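Notes follow once the structure below has been shown.
See below:
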């Protein structure tokens with residue numbers, strides 16, 4: 038299995054609080070992605086990174102920020118959590134575009 | 063707007079039958095990926111299709127890509143219960159680092 042770990046795996050937080058999710062990889066892959074998965078929407082890209090300190094927005098980036106200060110870590114921050122951000126969050130890594138992306142186990146976030 | 067459409071979105075079938083899931087996309091691309099997801103689990107890569115006419119097979123699953131028609135198919139042969147899952151296709155956007163995902167096809171195979 039690809040070395041990719043998400044933490045925490047489950048979190049319940051209150052509306053208005055900041056939340057940070059962590060994705061850690063041991064594969065030295067260049068590309069890292071944060072997705073959210075909601076029923077009926079498939080996967081939607083929040084932010085992605087193509088190198089250390091190189092990040093860009095995906096289709097649903099509002100309310101989220103990311104940082105990548107090291108190759109192995111990609112952090113997703115919900116600046117002020119809202120109930121609409123209740124979701125399952127997946128991190129993915131990819132070495133190059135000719136191969137598949139590997140996914141973490143997911144983080145189930147509930148905002149109450 | 064870039065779109066990836068899968069159909070059907072839900073499929074219930076009997077063991078032993080054959081069926082096909084379709085993935086249509088609206089942008090030019092020569093890279094397409096198929097993934098499987100079991101309930102409550104992460105996504106697992108099934109196939110990577112990298113050129114027009116690409117065909118990949120693994121067990122009872124076969125995937126193909128027609129870039130001119132902007133269509134990929136995932137064919138299931140003689141379905142078995144263990145293939146019950148949700149199947150996603152994703153399309154690579156040329157010149158970009160992103161994938162656009164279909165909504166998924168939930169497949170239930172009844173014994």
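Protein chains in written order, with the numbering used here: chain A, 38 to 149; chain B, 63 to 173.
Quick reminder that beta carbons are idealized off the backbone N, C-alpha and C, glycines included.
Bear in mind that the values here come from a model prediction, so they are computed numbers and not experimental data.
Between residue i and residue j, how many whole angstroms is the CB-CB distance? I'm expecting something under 8 Å.
i             : j             : result
residue 150/B : residue 79/A  : 6 Å
residue 87/A  : residue 95/B  : Contact flag wrong, Cβ pair sits at about 18 Å.
residue 99/B  : residue 147/B : 6 Å
residue 104/A : residue 112/A : 5 Å
Would you kindly work out how many angstroms separate the C-alpha atoms of residue i and residue j, rounded to a whole number?
i             : j             : result
residue 66/A  : residue 127/A : 16 Å
residue 87/B  : residue 100/A : 28 Å
residue 65/B  : residue 154/B : 11 Å
residue 117/A : residue 56/A  : 7 Å
residue 77/A  : residue 92/A  : 27 Å
residue 58/A  : residue 164/B : 25 Å
residue 73/B  : residue 89/A  : 42 Å
residue 84/A  : residue 94/A  : 5 Å
residue 132/A : residue 50/A  : 33 Å
residue 143/A : residue 75/B  : 29 Å
residue 63/B  : residue 130/B : 19 Å
residue 127/B : residue 137/B : 12 Å
residue 75/A  : residue 138/A : 19 Å
residue 107/B : residue 97/B  : 4 Å
residue 106/A : residue 156/B : 27 Å
residue 132/B : residue 118/B : 17 Å
residue 120/B : residue 96/A  : 32 Å
residue 43/A  : residue 60/A  : 5 Å
residue 63/A  : residue 89/B  : 33 Å
residue 134/B : residue 54/A  : 43 Å
residue 81/B  : residue 116/B : 19 Å
residue 67/B  : residue 114/A : 30 Å
residue 169/B : residue 122/B : 14 Å
Identify which residue in the options has its Cα closest to the Cα of residue i.
i             : options                       : result
residue 83/B  : 75/B, 77/B and 69/B           : 69/B
residue 24/B  : 112/B, 122/B, 123/B and 146/B : The requested residue 24/B is not part of the displayed model; chain B covers only 63 to 173.
residue 109/B : 157/B, 124/B and 154/B        : 124/B
residue 71/A  : 124/A, 148/A and 134/A        : 124/A
residue 172/B : 64/B, 63/B, 78/B and 67/B     : 78/B
residue 135/A : 91/B, 134/B and 105/B         : 91/B
residue 122/A : 145/A, 69/A, 62/A and 42/A    : 145/A
residue 110/A : 74/A, 137/A, 130/A and 54/A   : 130/A
residue 149/A : 48/A, 107/A and 62/A          : 48/A
residue 103/B : 46/A, 147/A, 102/A and 115/A  : 46/A
residue 69/A  : 81/A, 108/A and 98/A          : 108/A
residue 114/B : 93/B, 145/B and 105/B         : 93/B
Residue i CB to nearest chain B CB: under 8 Å?
i             : result
residue 65/A  : no
residue 133/A : no
residue 216/A : Here chain A covers residues 38 to 149 and nothing more, so residue 216/A does not appear.
residue 127/A : yes
residue 95/A  : yes
residue 82/A  : yes
residue 101/A : no
Does residue i come within less than 8 Å of chain A when only Cβ atoms are used?
i             : result
residue 105/B : yes
residue 110/B : yes
residue 72/B  : no
residue 98/B  : no
residue 93/B  : yes
residue 84/B  : no
residue 119/B : no
residue 159/B : yes
residue 165/B : yes
Does any heavy atom of the ligand GTP sit closer than 7 Å to the C-beta of residue i?
i            : result
residue 53/A : With respect to the ligand GTP, the structure shown offers nothing to examine, as it has no ligands at all.
>> Give me the subset of the segment 135–147 of chain A whose CB atoms are less than 8 Å from a CB atom of chain C, sorted by chain position.
In response: Protein chains A and B are contained in the structure displayed, whereas chain C is not.
>> So within the segment 45–123 of chain A, which uninterrupted beta strand (DSSP E) runs reach at least 3 residues, ignoring any that extend past its ends?
In response: 47–50, 56–62, 68–75, 79–88, 91–94, 101–107 and 110–115
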